[in-house]
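J.:
Chains as they are written, first to last, in the numbering used here: chain E, 12 to 344; chain B, 2 to 306.
1) Are the beta-carbon atoms belonging to residue 173 of chain E and residue 100 of chain E less than 9 Å from one another?
2) On the premise that residue 111 of chain B lies in contact with residue 169 of chain B, defined as a C-beta separation below 8 Å, what is that separation, rounded to the nearest angstrom?
3) I'd like the span of the beta strand (DSSP E) that includes residue 143 of chain E, first residue to last.
4) Buried or exposed, going by whether 16 or more other CB atoms sit within 10 Å of the CB of residue 156 of chain B?
5) Hey, how far is the Cα of residue 282 of chain E from the Cα of residue 214 of chain B?
6) Let's see if you can read the secondary structure: which residues bound the alpha helix (DSSP H) around residue 79 of chain B?
7) Using 9 Å as the limit for Cβ to Cβ distance, is residue 178 of chain B near chain E?
8) According to DSSP, is residue 173 of chain B part of a helix, a strand, or is it coil?
9) Please report how far the alpha carbon of residue 242 of chain E lies from the alpha carbon of residue 225 of chain B, in whole angstroms.
10) Counting only the same chain and skipping the five closest in sequence on each side, list residues whose C-beta sits under 7 Å from that of residue 229 of chain E.
11) Taking the continuous alpha helix (DSSP H) assigned at residue 132 of chain E, which residues delimit it?
12) For residue 109 of chain B, return the contacting residues in chain E, with the cut-off set at a CB-CB distance below 8 Å.
13) Report the neighbours of residue 227 of chain B on chain E: residues whose CB is nearer than 7 Å to its CB, in chain order.
14) Three-state secondary structure (DSSP) at residue 158 of chain E?
15) Shorter than 9 Å from the beta carbon of residue 261 of chain E to some beta carbon of chain B?
16) Please classify residue 33 of chain B: does DSSP put it in a helix, a strand, or coil?
17) Spatial neighbours of residue 71 of chain B within its chain, please: CB distance less than 8 Å, with the 5 preceding and 5 following residues excluded, ordered by chain position.
18) Check residue 308 of chain E in the structure and name its three-state DSSP category.
19) Using the rule of at least 16 other Cβ atoms within 10 Å of the residue's Cβ for burial, across every protein chain shown, is residue 200 of chain E buried or exposed?
20) Going by other Cβ atoms of all chains shown within 10 Å of its Cβ, with 16 needed for buried, is residue 171 of chain B buried or exposed?
21) Tell me, please, whether the CB atom of residue 203 of chain B is closer than 9 Å to any CB atom in chain E?
22) Where does residue 151 of chain E land, buried or exposed, given buried means 16+ other C-beta within 10 angstroms?
23) Leaving out five residues on either side along the sequence, give the residues of the same chain with a beta carbon under 8 Å from the beta carbon of residue 218 of chain B.
24) So does the segment 195 to 207 of chain B actually touch the segment 73 to 83 of chain B, counting three or more Cβ pairs closer than 8 Å?
25) Which partner residues of residue 94 of chain B appear in the DSSP bridge assignment?
26) Indicate the three-state DSSP secondary structure (helix, strand or coil) for residue 280 of chain B in the structure shown.
27) Check whether the Cβ atoms of residue 227 of chain B and residue 312 of chain E lie closer than 9 Å to each other.
28) Excluding the 5 residues flanking residue 66 of chain E on each side, which residues of the same chain have their C-beta closer than 8 Å to its C-beta?
29) Whose C-beta lies closer than 8 Å to the C-beta of residue 166 of chain E among residues of the same chain, with five residues either side of it excluded?
30) Look at the alpha carbon of residue 114 of chain E and the alpha carbon of residue 182 of chain E, and state the distance between them as a whole number of angstroms.
31) Compute the Euclidean distance between the alpha carbons of residue 43 of chain B and residue 31 of chain B, then round it to the nearest angstrom.
32) Is it buried or exposed for residue 270 of chain E, if we count other Cβ within 10 angstroms and need 16 for buried?
33) Based on the DSSP secondary-structure assignment, which residues constitute the bridge partners of residue 64 of chain B?
34) Taking DSSP as the reference, what is the three-state secondary structure of residue 281 of chain E?
35) Work out the CA separation of residue 267 of chain E and residue 134 of chain B for me, nearest whole Å.
36) My guess is that residue 104 of chain B and residue 98 of chain B are in contact by the Cβ rule of under 8 Å, so how many angstroms apart are they, rounded?
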């Protein structure tokens, strides 16, 4: 059984020749996770592997109605997402501390964290219930860079083959599957651990400095590319603050706006146009807000509105015009 | 084309009880003083204005506050099988104060066409039915009036009995925020239907939330209408209460293009077979055309299409 009427319509109406050409072009131009790893890219790319959509929807699955006697007459079809999950493996490691294991880290695990292919918690104490990996380094801001280096080294030595992308986040980062914090490709991780970590000319050896700045300095010296993660409309996808601050035209406190506007490399629009429909992460998200975002993003849905994933469109790449990566088509009635 | 069964939700201009008149909104000046004590007076006057000027423009009439966030699509979805000629109203159901209880004013409530007519024409002018002086709690007084003219206090919970109208913010409900529900002890005494605290509180087709600060409207608009997890799609089936009795028939009628799954995110992992799969494309299209012409599926016959 094919998924929704909408998707089938799209493919039926498409000129089959164009459809095929698009598929071929796509497969030629895209970097598979393996190829992508050869170019060290320091940031997550948009998971727009819409080529799979084409094959996917012709390979109809069978789905049954709920066994309950009454049900809301709509359904969630996340097969494109699940397919993508198999093709693009992401390892997430969360920096946390023992006092936050239950309060914050566990909430990550219960909300967005479960969508990572591999989820690890890096901490300074043991905890089997999380479970936490004890880095055996002291707590505190002063040791943050040391802990970060140690965590990435641990990931490289134990999980390198299990993922294609490696993301670091804090226990107050909220992700729509990915992170504020940052994401390294396979090659970037390898370069960092093998070439950068123990080389004082590349990476700071003591624990001073700001961890994210030090990471940037290392990777820059290793010629790891710092990618532009904005969408075709130039809206951002990674955010240093929570949604209510980013989306509100007056949301930034004066002192925050001051450093923010000074530091950013790309222009930022204050207000609702700031943010991509495919945003990836927000920061300083409280545990309560994590659950709220879980409901608002994955639960609450305006009835009758769905999004289709069209094979012909890709949000990034030179071969295709910049178009919105998805279209909204009205259901009948 | 509109049929008598079509539901039209009127997108109301906001009634701002502001003095002086705000033309940028635009606001209708009710010429009633500000203040909580005048709330009932304002509410009934507003409904009278609506009845006198907009009665033909809609089938359902919703009142909300300026700190209520409403997902109008979900309101349409929830009432689309209810005949607006029945005297009925919906909202966040509370107990007390009238035979059928009342609806939270802040969460917003919606009256059918007939309910509005009964309120304005039969109840309002009659001081033995409706409180004559303009004072009192607006939501309570509304409920008393409507109850007296036999307007049904309806239940608009979803098929899993989750609520759709909420007297607090999404965060308060999803987390049972200590500042919110637990700080409002009256809540537990007032609720008419069972309420589940935490992530299971709220329908995926929720309609309204209250106490939403104005800047958060942007955030909610973004989170509800724009931000989407990539690769996740909603599938909709034309509504028909007979779906619940004839689920398999409905699927056959529409063809193999529509999937029917439990409406719980992340649980769509069913792999069971469904009848009518792999119907040829032309047949499926014909079925859809049939359904379009006959939205209530009245002429649908049993068996294969």
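The C-beta atom is built at its ideal place from N, Cα and C for all residues, glycine as well.
T.: With the given structure in hand:
1) Cβ atoms of residue 173 of chain E and residue 100 of chain E: closer than 9 Å.
2) Not quite, the Cβ-Cβ distance comes to about 19 Å (not below 8 Å), so this is no contact.
3) 143 to 145 is the extent of the beta strand (DSSP E) around residue 143 of chain E.
4) Residue 156 of chain B comes out exposed.
5) Straight-line Cα distance between these residues: approximately 15 Å.
6) Where residue 79 of chain B is concerned, the enclosing alpha helix (DSSP H) stretches over 73 to 80.
7) Nearest CB-CB separation between residue 178 of chain B and chain E: below the 9 Å threshold.
8) For residue 173 of chain B, the secondary structure class from DSSP, reduced to helix, strand or coil, is helix.
9) Per the coordinates, the alpha-carbon of residue 242 of chain E lies some 19 Å from the alpha-carbon of residue 225 of chain B.
10) So the qualifying residues of the chain are 203, 207, 213 and 214.
11) Following the DSSP letters along the chain, one finds residue 132 of chain E in no alpha helix (DSSP H) but inside the beta strand (DSSP E) bounded by residues 129 to 134.
12) Under the 8 Å cutoff, chain E gives no residues; its nearest Cβ is about 16 Å from residue 109 of chain B.
13) Result: 288.
14) Of the three classes helix, strand and coil, the one that applies to residue 158 of chain E here is helix, per DSSP.
15) Taking Cβ atoms only, chain B reaches closer than 9 Å to residue 261 of chain E, which makes this a yes.
16) Residue 33 of chain B falls in the coil class under three-state DSSP.
17) Only residues of its own chain outside the window of five on either side were considered, and among them 63, 65, 109, 208 and 209 have a CB closer than 8 Å to the CB of residue 71 of chain B, listed in chain order.
18) Here residue 308 of chain E sits in helix by DSSP.
19) The Cβ neighbour count for residue 200 of chain E, taken over all protein chains shown within 10 Å, is at least 16; the residue is labelled buried.
20) With 16 or more other Cβ atoms from the protein chains shown falling within 10 Å of its own Cβ, residue 171 of chain B counts as buried.
21) Nearest CB-CB separation between residue 203 of chain B and chain E: below the 9 Å threshold.
22) Here residue 151 of chain E is exposed: its Cβ has fewer than 16 other Cβ atoms, across all protein chains shown, within 10 Å.
23) The residues are 70.
24) Output reads yes: the segment 73 to 83 of chain B touches the segment 195 to 207 of chain B.
25) B:104, per the DSSP bridge assignment.
26) Residue confidence is low: residue 280 of chain B scores 36 on pLDDT, short of 50, so the model does not pin down where it sits. No coordinate-derived value is stated.
27) By the CB criterion at 9 Å, residue 227 of chain B and residue 312 of chain E fall outside the cutoff.
28) Legend: pLDDT at residue 66 of chain E = 24, less than 50; position of this residue unreliable, value from coordinates given subsequently. Around residue 66 of chain E: no qualifying Cβ.
29) Same-chain partners within the cutoff: 102, 104, 131, 177 and 200.
30) A direct Cα-to-Cα measurement between residue 114 of chain E and residue 182 of chain E gives close to 9 Å.
31) Approximately 7 Å between the Cα atoms of the pair.
32) Classification of residue 270 of chain E: exposed, given that the 10 Å Cβ count is below 16.
33) Partner(s): B:110.
34) Assignment of residue 281 of chain E by DSSP, reduced to helix, strand and coil, places it in the coil class.
35) Distance between the alpha carbons of residue 134 of chain B and residue 267 of chain E: 51 Å.
36) Actually they are not in contact, since the Cβ atoms of residue 104 of chain B and residue 98 of chain B sit about 11 Å apart, beyond 8 Å.
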